[in-house]
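Each remark here refers to the structure printed beneath this line.
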Amino acid sequence: GRSWDPFHDPPRWAPISSLHYCASLLNQFAALLSTASKGEMKTPLTRLDQLYIQASCMHPILLAKIRVWASASGGCFPTVPTAGLQEQNSVARYNRLVLFKWAKVKNIHRILEKTLRVYGKATSHLVDICRQTIIFEDMSSLAECLR
1 GRSWDPFHDP
11 PRWAPISSLH
21 YCASLLNQFA
31 ALLSTASKGE
41 MKTPLTRLDQ
51 LYIQASCMHP
61 ILLAKIRVWA
71 SASGGCFPTV
81 PTAGLQEQNS
91 VARYNRLVLF
101 KWAKVKNIHR
111 ILEKTLRVYG
121 KATSHLVDIC
131 RQTIIFEDMS
141 SLAECLR
């Protein structure tokens, strides 16, 4: 069958035993987004578990955003190679019929390793836990996306 499409299929979440806990996390995340959008973030985040939860919650939002950004600026996404039919490094504009190679949320082991080795335990310096790739044919398309 067809692979999961983050733009059209319902989200796939790990089962959580407590709906109250899940609702609490979503409320905290909504409050965080509201605070961040107002530019009121004063305290750097120091807990990896909080950062990972936030990145996991942002992942489907980022997928939706990059689709809009790429569509408006002519950006493409890396595709999953089909046996014998396509090059290893193929890209395409978003199309529901194409399988794309979406980046996953960085795993906990790599987050911990990067925090310790690269940032000297400064958790708030990690900015690429939730990330994606948009590929542009030229600099003007990239500039258009950034606007």
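Counting from 1, one number per residue, gives the positions in the sequence shown under UniProt numbering.
Ideal Cβ positions, reconstructed from N, Cα and C, are used throughout, including at glycine.
Computed from a predicted structure; not experimentally measured.
Check	Outcome
What do you reckon, are the CB atoms on residue 92 and residue 76 nearer than 7 angstroms?	yes
Would you grab the beta carbon distance between residue 44 and residue 124 for me? Rounded to a whole angstrom, and I think it's under 8 angstroms.	3 angstroms
CB-CB under 8 angstroms to residue 112, same chain, minus the five flanking residues each way: which ones, in chain order?	48
How many Å lie between residue 34 and residue 104 at the Cα?	25 angstroms
Tell me the rounded alpha-carbon separation between residue 61 and residue 79.	20 angstroms
Suppose the cutoff is 8 angstroms on Cβ atoms and the five residues either side in sequence are ignored; what does the same chain contact list for residue 58 look like?	130
Look up residue 78 in the DSSP assignment and say whether it is helix, strand or coil.	strand
What number of angstroms, rounded off, separates the C-alpha of residue 38 from the C-alpha of residue 30?	13 angstroms
Rounded to the nearest angstrom, what separates residue 50 and residue 109 at their Cα positions?	15 angstroms
For residue 101, which residues in the same chain have their Cβ closer than 7 angstroms to its Cβ, ignoring the five residues on either side in sequence?	78, 79, 80
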